[in-house]
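Oh and the sequence shown: position 146 is 1482 in the working numbering, straight run, nothing missing.
Glycine residues also receive a C-beta, built at the ideal position from the N, C-alpha and C atoms.
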Amino acid sequence: MRLLLSNDDGISSDGLGALEEALAPLGTVYVVAPDREQSAASHALTLHRPLRVQQLSERRWAIDGTPTDCVNLAVNGILRNERPDFVVSGINRGSNLGDDITYSGTVSAAMEGTLLGIPSIAVSVAGRERFDFSAAAPFTAELLRALSGHQLHRHTLLNINAPALPRELIKGVMLTRQGKRRFGDAIVEKVDPRGKKYYWIGGDDLGFVEDEGTDFAAIARDMISITPLHLDLTDYTSFEDLAALKLDWR
């Protein structure tokens, strides 16, 4: 296999290192990742300035851009003559569950790979302070071996979340759907030493809506979650209701 690895935690992230080591036996591994943390960058693409590329070794490059920049530049530039068989993004230090996927640079790197026609996977560990990659890394390698003989549905990527636990404490794997997070007050207002207001976007994590079959439910049970995500955002169930409005505007 030819594998392209990226992430949103930056080229020096230990999660990326663990993934690179676990996937090395599968074939040729290329790493093209941001030169610094780009968490919550979502699917941003840099259009208004040039991107700088630093080659760190034979198959590792650091980019001063977003995760989406990294995958796009890798496929269409750096590796244009060696198209990857898979794009793998991660391993993220923190979960990408439920609504969080809309902000996630990790998931967006896999989205970019999918848009470019390459089967893609996003991998995260659901921890907050302590992170254990001993389950997520080898599981990703095993998943890629299994996928090598199959084909993902068109415009579909896999979003993997693993508990931040040692491998021996993982209780299994669960196919899941996207869950729903509960959010608290997302804005923190402060005053600087000159009396000017400033704001932090953040807030406390109030957990998730308890619902069987979701990515949150799998993590709560110490299981690895696999959620297939489709890039066609059309809500086909709304067609009938909208057609009933009889909008005939000229």
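Alpha carbon of residue 1584 to alpha carbon of residue 1575, nearest angstrom: On the sequence shown, position 248 is the one that residue 1584 refers to. On the sequence shown, position 239 is the one that residue 1575 refers to. Spanning the two alpha carbons is a distance of roughly 15 Å.
Contact between the segment 1461-1481 and the segment 1412-1431 (3+ Cβ pairs under 8 Å): The answer is yes - the segment 1412-1431 touches the segment 1461-1481, with three or more Cβ pairs under 8 Å.
contact_flag[the segment 1393-1400, the segment 1517-1536] where n(CB pairs < 8 Å) is 3 or more: With the rule of 3 Cβ pairs closer than 8 Å, the segment 1393-1400 does not count as touching the segment 1517-1536.
Inter-stretch contact at 8 Å, needing at least 3 Cβ pairs: the segment 1409-1428 / the segment 1439-1454: Three or more Cβ pairs closer than 8 Å define a contact, and the segment 1409-1428 meets that threshold against the segment 1439-1454.
Cα-Cα separation between residue 1527 and residue 1580, rounded to whole angstroms: Position 191 of the sequence shown, counted from the first residue, corresponds to residue 1527. Position 244 of the sequence shown, counted from the first residue, corresponds to residue 1580. CA-CA distance, residue 1527 to residue 1580, rounds to 51 Å.
Presumed contact (8 Å Cβ cut-off) between residue 1493 and residue 1565, rounded CB distance: The residue labelled residue 1493 in the question sits at position 157 within the sequence shown. The residue labelled residue 1565 in the question sits at position 229 within the sequence shown. Their Cβ separation, rounded to whole angstroms, is 5 Å, which keeps residue 1493 and residue 1565 in contact under 8 Å.
Cβ-heavy atom distance, residue 1416 to the ligand ADP, below 7 Å: The ligand ADP is not among the ligands present in this structure, which contains no ligands whatsoever.
Assigned exposure category for residue 1512 - 16 Cβ within 10 Å defines buried: Numbered from 1 along the sequence shown, position 176 holds the residue referred to as residue 1512. Result: buried.
Spatial neighbours of residue 1364 in its chain, beta-carbon cut-off 6 Å, leaving aside the 5 residues before and after: Along the sequence shown, one-based indexing puts residue 1364 at 28. So the list reads 1338, once near-sequence residues are dropped.
Those residues which DSSP pairs with residue 1341 across a bridge: By 1-based counting over the sequence shown, the position of residue 1341 is 5. Bridge partners of residue 1341: 1367 and 1424.
Through-space distance from residue 1525 to residue 1356, alpha-carbon basis: Counted from its first residue, the sequence shown places residue 1356 at position 20. Counted from its first residue, the sequence shown places residue 1525 at position 189. Rounded to whole angstroms, residue 1356 to residue 1525 spans 40 Å at the Cα level.
Delimiting residues of the beta strand (DSSP E) encompassing residue 1502: Taking the first residue of the sequence shown as 1, we reach residue 1502 at position 166. Per DSSP, residue 1502 belongs to no beta strand (DSSP E) and is neither H nor E.
Close Cβ partners of residue 1491 (< 7 Å) along its chain, the five nearest in sequence each way excluded: The residue labelled residue 1491 in the question sits at position 155 within the sequence shown. Excluding positions up to five away in sequence, the list reads 1450, 1566, 1567 and 1568.
DSSP-derived helix/strand/coil call for residue 1386: To locate residue 1386, count along the sequence shown from 1; it is residue 50. DSSP places residue 1386 in the coil class of the three-state scheme, outside both helix and strand.
Three-way DSSP call (helix, strand, coil) for residue 1484 in this model: For the purposes of this step, residue 1484 is identified with residue 148 of the sequence shown, where counting begins at 1. Residue 1484 falls in the coil class under three-state DSSP.
CA-to-CA distance, residue 1505 to residue 1546, given in whole angstroms: Numbered from 1 along the sequence shown, position 210 holds the residue referred to as residue 1546. Numbered from 1 along the sequence shown, position 169 holds the residue referred to as residue 1505. Using only the alpha carbons, I get a separation of about 22 Å.
Extent of the continuous alpha helix (DSSP H) to which residue 1409 belongs: The residue given as residue 1409 occupies position 73 in the sequence shown. It spans 1403-1409 - the alpha helix (DSSP H) in which residue 1409 sits, taken as one unbroken run.
Residue nearest to residue 1502 in terms of C-alpha spacing, selected from 1471, 1509, 1516 and 1531: Against the sequence shown, residue 1502 aligns to sequence position 166. Looking at the Cα atoms, 1471 is the closest of the given residues.
8 Å CB neighbourhood of residue 1454 in its chain, flanking five on each side removed: The residue given as residue 1454 occupies position 118 in the sequence shown. Taken in chain order, the residues that qualify are 1340, 1411, 1419, 1420, 1421, 1422 and 1423.
Neighbourhood of residue 1456 by C-beta, 6 Å cutoff - its chain only, sequence neighbours within 5 removed: Counting from one through the sequence shown, the residue named residue 1456 turns up at place 120. Annotation for residue 1456: 1423, 1446, 1449, 1450 and 1493 place their beta carbon closer than 6 Å to its own, counting only its chain and skipping 5 residues before and after.
Closest residue to residue 1439 among 1534, 1374 and 1577 (Cα-Cα distance): Numbered from its first residue, the sequence shown carries residue 1439 at position 103. Selected option, being the one with the closest Cα: 1374.
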